[in-house]
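Going down the list, the protein sequences come from chains A, B, C and D. Under the working numbering, think of the first position of the first sequence as 101, with each following residue one higher. Under the working numbering, think of the first position of the second sequence as 265, with each following residue one higher. Under the working numbering, think of the first position of the third sequence as 995, with each following residue one higher. Under the working numbering, think of the first position of the fourth sequence as 18, with each following residue one higher. Think of the CB as a built atom: it goes at the ideal place given N, C-alpha and C, for glycine as much as any other residue. Here is the structure we will look at, set down as structure tokens.
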Amino acid sequence: MSLFPEIIRIMAYVVGVLAFVGLNAAFLVWLERKVAGHIQRRIGPKEVGPFGVLQPVADGIKLISKQLVVPAQADSLLFRLSPVLTMTLAVTVFVVLPFGPSLVARDINIGLLLIFAFLSINVLALFIGGWGSNNKYAVVSAIRAVSQNVAYEVPMLIIVITMVMITSSMNLNVIVSQQGNLLQWHIFPWNGSILSPLAFLIFFVCTLAETNRAPFDLGEAESELVAGFHTEYSGMGFGLFFLGEYASVFVGCALASILFLGGWQCPLGIMPGVHWMLIKTYLLVFVVIWVRWTFPRTTLYGLLNLSWKVLVPFSLVILLVTAAQLKMPWPF
Amino acid sequence: MSDLAVDPSCETFVLNMGPQHPATHGALRIKLVLDGEYIVEAEPVLGYIHRMHEKMGENRSYLAFMPNTGRLDYLSALSYNHGYVSVVERAAGIAIPERAEYLRVITVELNRISSHLLWLGAFVLDLGGFTPLLYTMDDREQLLDLLESVTGSRLTYCYFRFGGLYNDVDDNFGPGARAFIKRMRRRLPMYHKLISKNVIFRQRLEGIAPVSAEMCRKYGATGPVARGSGIAYDVRKHEPYSVYPEFNFDIPVYEQGDSMARYLIRMDEIEQSLRIVEQGLDKLPPGPIMAVKVPKIIKPPKGDYYMAVEAARGSFGIRLVSDGSATPYRLKLRSPCLSNLSLFGEAARGLLLPDAVAFFGSLDLVIPDIDR
Amino acid sequence: MVTANAHLPIVHFSSLDKLLNLGRANSLWPLTFGLACCAIEMMATGVARFDLDRFGMGVFRPAPKQSDVMIVAGTISKKMAPGIRTLYEQMPHPKWVIALGNCAIAGGPFVFAGQYGIVEGADKIMPVDIYIPGCPPRPEALVEGLLLLEEKLTGSRRWPRVNPE
Amino acid sequence: MKKLAISQALAALASARVLECDHASRGFHLSVAVAPLELPAAAKILDQQGFFIEAITGVDWLGEQAAPGPTVADQAEHQPPLPSEDSFEVVYDFNHFAKLCRVALRTRMPRSRPEIPTISAIYPGANWHERETHDFFGIIFSDHPDLSPLLLPEDADFHPLCKDYKP
């Protein structure tokens, strides 16, 4: 492998991933506001461009041209680092996401591990942002975000381990290629583990919590903490948090669709490709938005109780049952 | 929980909620001493929207003060109108025609529903659910259209006059109100399904911030807050005024005293108000809407007079001290919200921050009414 | 009368400025900040029937750092005035202020000889771009006010003006 | 009956002057005037009988002494005898949750020495009402835990509802 094409390849993927993250955020902003509008008996963005599709563009222009304020008492380095870090981590994860049979930036063996490694650092970015703002609301919010993320990573990773046991691979492309058609999807109990529908549910709930989405949006609980960890961020600092949040929502839903719903595979086994991946992921994203505009927010204790007292035991049961099932084909 | 909060070895910090904060519904500041997220001490700081209503009462004529009453508790402005016209009518000895009394009751109850609807939306918004606000506001808009056709304004009504009303209702009012009652009766089960039965919602309200009946008495809390604590006190039944004795309605009472009870009280009150409006429309007598002999300039005899009415948030009282001239000598406005808020400091001790926000929302406060 | 070219800069990046202003005009995020009665009408404007989100203005931000428009909705008491000034200063540039209702314009009904408690108008403590009269103004008036602000930014009006006959 | 019980209990106080009023025309049943020093005792009696506090109203009777003809206040209602100079009046409104009985408890103090004992130890709800009365009239409630301005700005040193207030 010569060096030169490799650099071109990297460049192409960097540009591609960044463009996708930007477009994805724009699309999700529009989708979220439109869906929210229709859930709430109103129209949502309509005047800016046809069907309001230019709304995210206007928001972006506005945010970019807005003054960046670094509070005098804030830790300038941490304050500036945090949004960049959030964004970088979210973008990095896209490197191993397979969008199609050959449409993946880096087809590495430990893709799954890499994603969770980076997603775990994400919470640190929020924390230094909240801490660096030197704002009490932001600090409380940052502490909430950390305890929440730690609590929900445990059941999530246990589920992922279960899935790795079933698929015996950490390569996302391999996992997808095992699920050739609807009947082979890992969400169904006859493929691998009898408890996999439950596993999917737990994984999805954990995704909501990990990405700070309602009903687990304690970090940015408006009625309690004003705007949470990004209270002090203006302009594009806030914009980057937004991009990062939408990118991780996408990643979370993409992972769910890769692990359980066959990723880029077609349900009927014909014409697999990137469109299936996008359809499945955005359907899941739609559910995330739907949940957000339906439920009130939990409290921190309700959230931690749900994780440690319900999700962790259940996911451990899933792990054990799956292990037993894999080792002893009978009586399953 | 509370022993954790008073542990002297814990490090605490002070958090200023407000004056601009989404949870305080206006310009109110709450000084919180927090231990982690537990509240050690909560002290509301008032006065950010003090608008000198009582001073204004002393330097303008009785009629000219009328619009002020619509701006005290702007969510149930008609109740305040009612209280004010009633105390002046009591002082000056003005009797008002029956049709006017009935229309007063009907419009006041419609206003109470609109107030409770707005509260419901804002309350769920405090708990992080955005969508119910849009639903309740949608219903409220229907109601506002109705009230606007009668009173001429959407929010800060000034509809009653000494001796009667500003104008009669038109032919569309009756059918419109009946249509609204029908609509609301359909919508209430929907709200119960969407909100009351939601697991997260119940988990956040049940058993949170119990207020005892004794505490209500010591602080003078009235309205849904007292009724949520098992006190069956409603001025409409307790000290009947206007034509309320003619109506058949219940006073919902819950014993638990927690945020859930205060929520359920208001939901039940919407139903009761619908009943009152329906009966009022059935019984509405024909006739004049203004008493014939109302002096142009009201000069009540010397002395002091008190009048309490049941506003949406509790008992609103007016003490009018008259020196026999055309302006009140002293006009004291007893705000239900002030008394209801005064127990916040004691009841919020030991709560978690989000629970305190829920508790605050369940008190249903209108800040300009507190500050006056 | 408000005109778009009121403050012409010395160096004029014409097209870029136009683009930026177009972006800003279509994404005016108000600050969640209500003082009194007018705040309820502000809420009513945000929700289903009037739906400010149609114009991209529905994103009410609770933090001043992330908002573009401050809608002063209600009476400004002397105790509150320093707080409002702080909020205004915390908002990053470019920022605009709308005085909603008579109280925010000039003290409204609460002005009388010998008043001791209120600031008579938001423009006593900060620059105001748009004044919307009413007590409280109807939601339609607030929508019109925001459209006027857009017009001030872009120089052109979104919808044809309706002349009241 | 509540009215009888409370009026007898209050009449036992040395300085109390209990007057029954027509509820329909005045809005309260009992008008009870006491000397400032007996205020806590009266409040304690009301507390024991299960009354709740509704409001505290201050009234400034400036110029009452100088007024020609009959004085503004109904003299009969204001025994013990009025101070011989212009006075402040404070009216405490009490009510009962179960049995309707509104009691207006009145007390008068001279304008030059506006000091009366607090009842906030008996009724914690009275705390804010007393602070508010202090804001508006400058009446000092002795032994009150915190008489800082409630509705006026923190540094306010004026009392706007006094009749001689000039901004």
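B/Met524: member of the alpha helix (DSSP H) spanning Ser523 to Lys547, first to last residue. From the listed residues A/Phe329, A/His375, A/Gly352 and A/Gly292, the smallest Cα separation to A/Met428 is found for A/Gly292.
Listed by position along chain D, the residues whose Cβ is nearer than 7 angstroms to that of B/Met571 are Gly44. Three or more beta-carbon pairs separated by less than 8 angstroms link the segment 334-348 of chain A to the segment 160-178 of chain A, which places the two stretches in contact.
Residue environment: C/His1087 is assigned as exposed (fewer than 16 neighbouring CB atoms within 10 Å of its CB, all protein chains considered). With fewer than 16 other Cβ atoms inside 10 Å of its own Cβ, A/Tyr401 counts as exposed. Taking a cut-off of 8 angstroms on C-beta distances, the segment 516-534 of chain B touches the segment 462-475 of chain B, as three or more cross pairs fall below it.
For A/Asn273, the enclosing alpha helix (DSSP H) has its first and last residue at Leu272 to Ser277.
Selection B/Ser589, B/Ser626, B/Glu510 and B/Gly494 evaluated against B/Val541 yields B/Glu510 as nearest (Cα-Cα).
Secondary structure note for D/Trp78: its beta strand (DSSP E) is the uninterrupted segment Phe68 to Trp78. One Cα belongs to C/Thr1039, the other to C/Asp1045, and the distance between them is close to 6 angstroms. For D/Glu132, no alpha helix (DSSP H) encloses it; the enclosing beta strand (DSSP E) starts and ends at Glu132 to Pro134. Each residue's CA atom was taken as its position, placing B/Lys596 and D/Arg43 some 15 angstroms apart. Uninterrupted alpha helix (DSSP H) stretches at least 4 residues long and entirely within the segment 1036-1097 of chain C occur at 1075-1084, given in chain order. By the CB criterion at 7 angstroms, C/Pro1121 and C/Gln1084 fall outside the cutoff. In the DSSP assignment, B/Glu353 falls outside any beta strand (DSSP E) and lies within the alpha helix (DSSP H) extending over Ala341 to Ala356.
Less than 7 angstroms separates the beta-carbon of D/Ser104 from that of D/Arg125. For a cut-off of 8 angstroms, the C-beta gap from A/Ala299 to A/Ile418 is around 5 angstroms, short enough to register as a contact. Sequence-ordered contacts of the segment 1099-1122 of chain C with chain D read Gly1108, Gln1109, Tyr1110 and Gly1111 [C-beta pairs closer than 8 angstroms]. For B/Arg376, the enclosing alpha helix (DSSP H) starts and ends at Glu362 to Asp390. Around the Cβ of D/Asn144, a 10 Å sphere holds 16 or more other Cβ atoms; the residue is buried. Residue pairing by DSSP places D/Glu106 opposite D/Val76 and D/Arg125 in a beta bridge.
Nearest C-alpha to B/Thr415 among B/Pro439, B/Ala477, B/Thr371 and B/Ala443: B/Thr371. In the structure shown, C/Ile1119 adopts coil according to DSSP, grouped into three states. Assignment of D/Glu171 by DSSP, reduced to helix, strand and coil, places it in the coil class. When secondary structure is reduced to three states using DSSP, A/Leu197 falls in the coil class, being assigned neither helix nor strand.
The bridge partners DSSP lists for A/Tyr401 come to none. Between the segment 20-39 of chain D and the segment 1099-1111 of chain C there are fewer than three inter-stretch CB-CB distances shorter than 8 angstroms, so the stretches are not counted as touching. The three-state secondary structure of B/Met281, taken from DSSP, is strand.
Apart from sequence neighbours up to five positions away, the residues of its chain that approach A/Ser407 with a beta-carbon distance below 6 angstroms are Ala251 and Tyr252, ordered along the chain. Secondary structure at D/Asn112: strand, using DSSP grouped into helix, strand and coil. Using a C-beta cut-off of 8 angstroms, the segment 569-576 of chain B makes no contact with the segment 398-418 of chain B, since fewer than three inter-stretch Cβ pairs fall below that distance.
Using a Cβ-Cβ cut-off of 7 angstroms, A/Lys236 counts as an interface residue toward chain B, since at least one Cβ of chain B sits closer than that to its own. Neighbours of C/Ala1042 in chain B, taken as residues whose beta carbon is under 7 angstroms from its own, are Leu398, Met401 and Asp402 in chain order. Think of a sphere of 8 angstroms around the beta carbon of C/Gly1050: the chain A residues whose beta carbon falls inside it are Pro145, Glu147, Val148, Gly152, Gln155, Ala158 and Asp159, in chain order. DSSP places A/Pro367 in the coil class of the three-state scheme, outside both helix and strand.
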